[in-house]
Amino acid sequence: MRHRTGALLWLSLAVAGCGYQASSNVRRLPSDALFGLDQTTTTSTSTTTTTTTTPPPPAVSVETTLTTVAMTTTTALATETVRLFFLDDDQLTSVTQNISSPVRVRRVLEALEAGPIAGPATVGLTTVVPDGIVNTALARSGVAEVDLVGEVYDLVPPDEQLPAVAQIVLTLTQRPGIGQVSFTLDGEPLRVRLGNGQTTDAAGQPVSADDYAILLDGERLITPPSTSLPASTTPTTLRPPPAGAI
């Protein structure tokens with residue numbers, strides 16, 4: 026403890042003996058005494074350039090719109106002019122009408138059932154051939170064979186029976202290759218009334234246009250451009266038609 030106190034006292038006296046005294050004289054020290062402290066310090070700034078690659082914008086999808094032009098092709102339907110007979114008061118007269126080809130016997134009868142097409146030439150005309158009365162119809166060996174539906178046939182008024190048969194016969198015998206018409210009822214041979222009020226001699230007997238010429242309104246019949254069977258003979262004596270005849 027005594028030695029430490031003495032050391033501190035000696036150090037204090039030494040500092041006091043070497044006290045700093047300011048001097049107004051500034052001396053320049055040589056460079057070698059500065060140990061490089063007088064060198065100019067250069068600060069280097071490093072600039073780093075970062076190149077950022079921006080991806081190109083997505084390609085714009087150009088949608089090509091195709092315009093489809095609908096081509097409408099008009100096909101002319103093949104038709105044939107057919108002569109149809111309709112009732113004008115108590116007489117028959119004909120008009121022409123176009124029917125799509127090929128013209129079948131059944132199709133001609135359907136036109137009779139439908140009646141005349143409205144127009145200046147058909148004013149006052151009507152049909153007494155009821156809709157659905159024809160069951161089957163075909164032409165064979167110059168004769169049009171027409172089978173009638175019994176249920177519809179029974180509903181035909183008595184005063185319309187004769188003109189209905191006349192419409193069918195006069196119309197079909199104006200078709201090429203047809204000279205006569207025979208009738209059956211639900212497959213059974215049928216006797217029909219003639220233009221003079223008589224009936225056929227036998228059931229299923231073929232009849233011709235000449236058998237109904239008396240009902241025409243002064244109209245001349247046209248002979249079809251083909252050979253037809255001979256016309257049936259029209260009775261000269263008048264007698265009431267038997268039951269079941271039309």
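In my numbering, the protein residues as written are 26 to 271.
We treat Cβ as the ideally placed atom computed from N, Cα and C, and that holds for glycine.
Query                                                                                                          : Result
Contacting residues, own chain, Cβ-Cβ under 7 Å from Leu109 (five flanking each side not counted)              : Ser119, Val120, Gln122, Ala136, Leu137, Thr196
Outcome for Ser275 when other beta-carbon atoms lying within 10 angstroms are tallied against a minimum of 16  : For residue 275 there is no data in the structure shown, the boundaries of the chain being 26 and 271.
Presumed contact (8 Å Cβ cut-off) between Gln192 and Phe111, rounded CB distance                               : 7 Å
Member of Leu150, Arg218, Val128, Thr104 whose CA lies at the smallest distance from the CA of Val194          : Arg218
Beta-carbon proximity check, Thr224 vs Val232, cutoff 8 Å                                                      : no
Three or more C-beta pairs below 8 Å linking the segment 161 to 169 and the segment 138 to 147                 : no
Distance, Leu241 Cα to Ile158 Cα                                                                               : 23 Å
Length-filtered (3 minimum) beta strand (DSSP E) runs lying within the segment 172 to 223                      : 205 to 210
Distance, Thr147 Cα to Gln116 Cα                                                                               : 14 Å
Own chain partners of Ala47 with C-beta closer than 6 Å, once the 5 adjacent residues on each side are dropped : In this prediction, Ala47 has a pLDDT of 48, which is less than 50 and means its spatial position is unreliable; what the coordinates show is noted afterwards. Excluding residues within five positions, none has a Cβ falling inside 6 Å.
Limits of the beta strand (DSSP E) - the one that Ala139 falls within                                          : Run containing Ala139: none in the beta strand (DSSP E); it sits in the alpha helix (DSSP H), 130 to 139.
From Ala228, Pro182, Gly220, residue whose alpha carbon lies closest to that of Asp235                         : Gly220
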